[in-house]
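First comes the structure, then the notes that go with it.
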Amino acid sequence: MVVKQAVVCRLLLTPELLTDYCLLFTAYCLEPPMKALIIVDVQNDFLPGGALAVAEGDLVVPVINQLSREFDLVFTTQDWHPANHCSFAASHPGKKIGDRILVGGQEQVLWPVHCVQNSFGAELAAGLNPQVISGGVHISKGTDERVDSYSGFFENQRKRATGLNELLRQHGADDLTIVGLATDYCVKATVLDALELGFAVTVLTKACRAVNLSSDDGAKALAAMRTAGAKVV
Ligand SMILES: [Zn+2]
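Last residue of the sequence shown: 809 in my numbering, with the numbers rising by one and none dropped.
This is the structure in structure tokens:
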């Protein structure tokens, strides 16, 4: 068997093919896969003390700051809701936080009022690397009062895109690392859409935290991302 493999290798490596392999390898070295960091919703309202605080949400900030130095391309997504947004329990008389209703035919969890446009709560976490805040590419989502947008790519009813896909393509990015808040909602939705769009995706769990309305929501979300093809580390 070893001899057969050796013969096959010798047959494959004709001078012409060897030249082709060298050219391909050179092209790969000149243009390695472009990597981008996607920071999902690391905003004041999702940190402890915020309107929709995620437990330990603040702990992702220093991890992301360290990580951001390793990427040439950094994108941030931000919930950016109008004051009467459909995801707020306060927008639905008689409903309370945690209730589930149908919005546009889709189940919508009702949340406290959070990340209202131009409010302090909607700002990116103050502790983030200033270069991320001022130099990153920011994607606003959930801007239509009639529909929520967990994913950084599409609103929940998938009728409209945020533009993130096109921006990543324009920059030649095809290998994404996705982190942020919260694992079981916006990180999960962003990761699943990225995979469906054909990106390679890595999820760094040390830079994510979950809401965990049920205690295992975060673990289930990570399992779903892994099953869909994400590298979860
Ligand atoms: Zn929201």
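Note that beta-carbon positions come from the ideal geometry of N, C-alpha and C, so glycine has one too. Every value quoted in this text rests on a predicted model; they were computed, and no experiment measured them.
Closer than 7 Å to a non-hydrogen atom of ligand 1 - does that hold for the CB of G674? The residue labelled residue 674 in the question sits at position 98 within the sequence shown. No, the Cβ of G674 stays beyond 7 Å of every heavy atom of ligand 1.
So does the region 701-718 actually touch the region 672-688, counting three or more Cβ pairs closer than 8 Å? no
Three-state secondary structure assigned by DSSP to G718: By one-based count along the sequence shown, residue 718 stands at place 142. Looking at G718 - three-state DSSP - the assignment turns out to be coil, as it is neither helix nor strand.
When we look at the beta-carbon of G711 and count the other beta-carbons within 10 Å, is it buried (16 or more) or exposed? Within the sequence shown, residue 711 is the residue found at index 135, counting from 1. Flag for G711 reads exposed.
For G680, which of F775, I615, L743, R722 has the nearest alpha-carbon? For this step, residue 680 is matched to residue 104 along the sequence shown. For the residues F775, I615, L743, R722, the minimum Cα distance to G680 belongs to R722.
Return the CA-CA distance between L649 and A749, expressed in angstroms with no decimal places. Locating residue 649 in the sequence shown gives position 73, where the first residue counts as 1. Locating residue 749 in the sequence shown gives position 173, where the first residue counts as 1. About 8 Å.
D720: CB within 7 Å of a non-hydrogen atom of ligand 1: Looking up residue 720 in the sequence shown gives position 144. Incorrect: D720 has no Cβ contact closer than 7 Å to ligand 1.
Length-filtered (3 minimum) beta strand (DSSP E) runs lying within the region 698-746: 713-717
Residue closest to D724, alpha-carbon to alpha-carbon, out of P609, D751, I614, I677: By one-based count along the sequence shown, residue 724 stands at place 148. Selected option, being the one with the closest Cα: I677.
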